[in-house]
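A.B. asks: Can you read through this structure? Questions will come right after.
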Amino acid sequence: MEVFPFFRARILGVFPNNMSSYALSFWLAGVALEGTILARALVVGWFKKCPFFFGYLASVFVQDVFFLAVYSFKFKYYKPIYWYAEFFSLLMGCGVTWEIFRLILGRYPGAGRMARNVLAIVLLMILSKGLVGVWNGDIPWAVTMVELERNLRAVQALSLIVLALLIAYYRVPLGRYAKGIFAGYGIFIATMVMTLTLRASIGQAFQAVWVFVQPHCYAASLGIWCFSLWSEEPSPVEQSQSKIEEDYQSLALLTSRGLLQAREFLGKTIRP
Amino acid sequence: MSEALILLAIGFLLVASLVYLLRRREAEADDRSWLQEGNSARPSVEFEDRQKEQLDRIFGREDWDFIRNGTTRPVQRLFLKERKGIALSWLSQLRSQARAGMDFHVTRVRASEELEPLAELRLAIDYYAFLAKCGLIAALVLLGGPMALRGMAGQAESLSNNLRGMLRASLKPQAFPQKTRIP
Chain A
1 MEVFPFFRAR ILGVFPNNMS SYALSFWLAG VALEGTILAR ALVVGWFKKC PFFFGYLASV
61 FVQDVFFLAV YSFKFKYYKP IYWYAEFFSL LMGCGVTWEI FRLILGRYPG AGRMARNVLA
121 IVLLMILSKG LVGVWNGDIP WAVTMVELER NLRAVQALSL IVLALLIAYY RVPLGRYAKG
181 IFAGYGIFIA TMVMTLTLRA SIGQAFQAVW VFVQPHCYAA SLGIWCFSLW SEEPSPVEQS
241 QSKIEEDYQS LALLTSRGLL QAREFLGKTI RP
Chain B
1001 MSEALILLAI GFLLVASLVY LLRRREAEAD DRSWLQEGNS ARPSVEFEDR QKEQLDRIFG
1061 REDWDFIRNG TTRPVQRLFL KERKGIALSW LSQLRSQARA GMDFHVTRVR ASEELEPLAE
1121 LRLAIDYYAF LAKCGLIAAL VLLGGPMALR GMAGQAESLS NNLRGMLRAS LKPQAFPQKT
1181 RIP
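Sequence order for the protein chains is A and B.
With the first letter of the first sequence counted as 1, position 3 gets the number 3 in this note's numbering; the numbers rise by one all the way through.
With the first letter of the second sequence counted as 1, position 92 gets the number 1092 in this note's numbering; the numbers rise by one all the way through.
As structure tokens, then:
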């Protein structure tokens, strides 16, 4: 469905109930890319390793085909089922976000623990903001469905930012598949947040840009997934420190003390 | 409107962090190859011995006093320029060694189930504060030259020794009690 926001545009009453040849060819290309990735995943057995991601992709694939039929033959049913499907995709997307975390940090329980803590703080802040909004009599989440989807996508985006920061800080190695899934989904979520924000803020004036930009962004994500998942991934490099056993407390304390002393001495150099 | 700006910033931040991450990984794979070699010597992070005389020479006033009294202005300018370069190079080396030590720490603790988020946060703050101070001193050296930091020689030696001790200790896994198995 994300590949085909022309449907959404029709709901918002801008475009007539017909489709340009460009839109149709773009839709067909999207379905073909999704089908290619799914077929490749079946061949190499990646459904078992990333059930949420490929489940998400399969659901989008089915929706694309199904919604084209509804759009073409039973258009009056299109709007009611559109939002159900959209939020089903959104829930599946939350599963994909969780799966990206598991895929990347699964072998690093320490970094995973940091991720859980930071995410808990972020979600607590968002929840607190919402509760304060309710207390003040505001509508905390959204007035329209577009805003609701935008806000939920923004939470996913924040989670992925946290993940990116932790990967950078802890030098977590990324495999080709994990990198591809993360990059593709991250770009998709980021562009969704930005386009939905502009659509909700600017309104109808942004409609034409929105229906043009969004499918192209999704196509870019599909392209990244297709490229990164196509070739075989070499076996992950085992870390040389895999047999090292050590006490975290001692290591952290020692590094911390060393840095503190170093900083103090450095401070003294400018206070002779 | 401010909410829209925040949401747009989140979107941009995600794109930027993805780009940074994808670009950064390529470069770092080579930089950190020593971590995967099981080489206990790890010369790239070992502190080289810094003799007290060397630091006295870099940051002390003796050479400057001699140059100032016995040479012309162009020679003095050249001397100051070279000393500034040496001091900045020393600071840069110090920074990179601290960075290597911190990198080694995070690559080892990331798989530890006993990792404590608060301790890690404090450590990160200390590390970035250290880098900030290095940056501050570098700025002072750039503005005033190494002779502006008169007390540096003695303190610099202490700083070097401390950082050297920290790095040496963190590079010896057998020095720690065996509690956590890293898979």
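Note that CB positions come from ideal geometry on N, CA and C, so glycine has one too.
Once you ignore the five residues that flank residue 150 of chain A on each side, which residues in its own chain have a CB closer than 7 Å to its CB?
C.D. replies: In its chain, beyond the 5 residues on either side, 193, 196, 197, 200 have a beta carbon closer than 7 Å to the beta carbon of residue 150 of chain A.
A.B. asks: Tell me whether the segment 72–91 of chain A and the segment 38–51 of chain A touch, counting them as touching only if at least three CB pairs, one residue from each stretch, are closer than 8 Å.
C.D. replies: no
A.B. asks: Enumerated in chain order, which unbroken segments of the beta strand (DSSP E) with a length of 3 residues or greater are wholly contained in the segment 193–227 of chain A?
C.D. replies: none
A.B. asks: Please state the DSSP three-state secondary structure of residue 86 of chain A.
C.D. replies: Of the three classes helix, strand and coil, the one that applies to residue 86 of chain A here is helix, per DSSP.
A.B. asks: At what residues does the alpha helix (DSSP H) containing residue 1074 of chain B begin and finish?
C.D. replies: Judged by DSSP secondary structure, residue 1074 of chain B falls within the alpha helix (DSSP H) whose first and last residues are 1073–1109.
A.B. asks: Is it right to say residue 1071 of chain B is buried, meaning 16 or more other beta carbons lie within 10 angstroms of its own, or is it exposed?
C.D. replies: exposed
A.B. asks: Taking buried to mean at least 16 other C-beta atoms within 10 Å of its own C-beta, is residue 1020 of chain B buried or exposed?
C.D. replies: If you draw a 10 Å sphere on the C-beta of residue 1020 of chain B, you find fewer than 16 other C-beta atoms in it, and that means exposed.
A.B. asks: Can you tell which of A:231, A:158, A:173 has its C-alpha closest to the C-alpha of residue 1014 of chain B?
C.D. replies: A:158
A.B. asks: What did DSSP end up calling residue 175 of chain A once you bin it into helix, strand or coil?
C.D. replies: coil
A.B. asks: Determine the direct distance from the alpha carbon of residue 182 of chain A to that of residue 221 of chain A, and round the result to whole angstroms.
C.D. replies: When only Cα atoms are considered, residue 221 of chain A and residue 182 of chain A end up about 10 Å apart.
A.B. asks: Just reading off the alpha helix (DSSP H) that residue 1134 of chain B is part of, what are its end residues?
C.D. replies: 1117–1144
A.B. asks: Since I believe residue 166 of chain A is in contact with residue 114 of chain A (beta carbons under 8 Å), could you give me their beta-carbon distance rounded to a whole number of angstroms?
C.D. replies: 6 Å
A.B. asks: Three or more C-beta pairs closer than 8 Å, one from the segment 1102–1122 of chain B and one from the segment 1080–1091 of chain B: is that the case here?
C.D. replies: Verdict: no, contact absent.
A.B. asks: Using a 10 Å radius around the Cβ and a threshold of 16 neighbouring Cβ atoms, would you call residue 1132 of chain B buried or exposed?
C.D. replies: exposed
A.B. asks: Rounded to whole angstroms, what is the Cα-Cα separation between residue 1006 of chain B and residue 1080 of chain B?
C.D. replies: Whole-angstrom Cα-Cα distance: 48 Å.
A.B. asks: Taking the Cβ atom as the reference point for each residue, do residue 1098 of chain B and residue 1130 of chain B lie within a distance shorter than 8 Å?
C.D. replies: Contact flag set, yes.
A.B. asks: So if I threshold CB-CB distances at 7 Å, which residues from the segment 109–142 of chain A count as touching chain B?
C.D. replies: 109, 110, 111, 113, 114, 117
A.B. asks: Less than 8 Å between the C-beta atoms of residue 218 of chain A and residue 93 of chain A, yes or no?
C.D. replies: no
A.B. asks: So residue 293 of chain A contacts chain B; which residues on that side make the cut at Cβ distance below 9 Å?
C.D. replies: Nothing can be reported for residue 293 of chain A: it is not among the residues displayed for chain A, which extend from 1 to 272.
A.B. asks: Among residues of its own chain, excluding the 5 on either side of residue 172 of chain A, which ones have a beta-carbon nearer than 8 Å to its beta-carbon?
C.D. replies: 104, 105, 108, 111, 166
A.B. asks: Would you report the Cα separation of residue 1040 of chain B and residue 163 of chain A, rounded to the nearest angstrom?
C.D. replies: With a pLDDT of only 40 at residue 1040 of chain B, under the threshold of 50, the placement of this residue in the model should not be trusted, and no figure is reported.
A.B. asks: For residue 255 of chain A, decide whether its Cβ has a neighbour in chain B, counting only Cβ atoms nearer than 8 Å.
C.D. replies: Residue 255 of chain A counts as touching chain B.
A.B. asks: Could you name the residues of chain A that residue 1143 of chain B contacts, counting a contact when the two beta carbons are closer than 7 Å?
C.D. replies: Simply none; closest approach about 12 Å.
A.B. asks: Taking only beta carbons into account, state which residues of the segment 94–108 of chain A come closer than 8 Å to chain B, listed in chain order.
C.D. replies: 107, 108
A.B. asks: So what's residue 1034 of chain B in DSSP terms, helix, strand or just coil?
C.D. replies: Bear in mind that a pLDDT of 42 at residue 1034 of chain B, under 50, signals an unreliable position, so the number given afterwards is only what the model happens to contain. Here residue 1034 of chain B sits in helix by DSSP.
A.B. asks: Using 8 Å for Cβ pairs, my map puts residue 1105 of chain B next to residue 191 of chain A. What's the rounded Cβ distance?
C.D. replies: With a Cβ gap of about 36 Å, residue 1105 of chain B and residue 191 of chain A do not count as contacting.
A.B. asks: Note down the Cα distance separating residue 224 of chain A from residue 214 of chain A, rounded to an integer number of angstroms.
C.D. replies: 16 Å
A.B. asks: Alpha helix (DSSP H) containing residue 49 of chain A: first to last residue?
C.D. replies: 46–49
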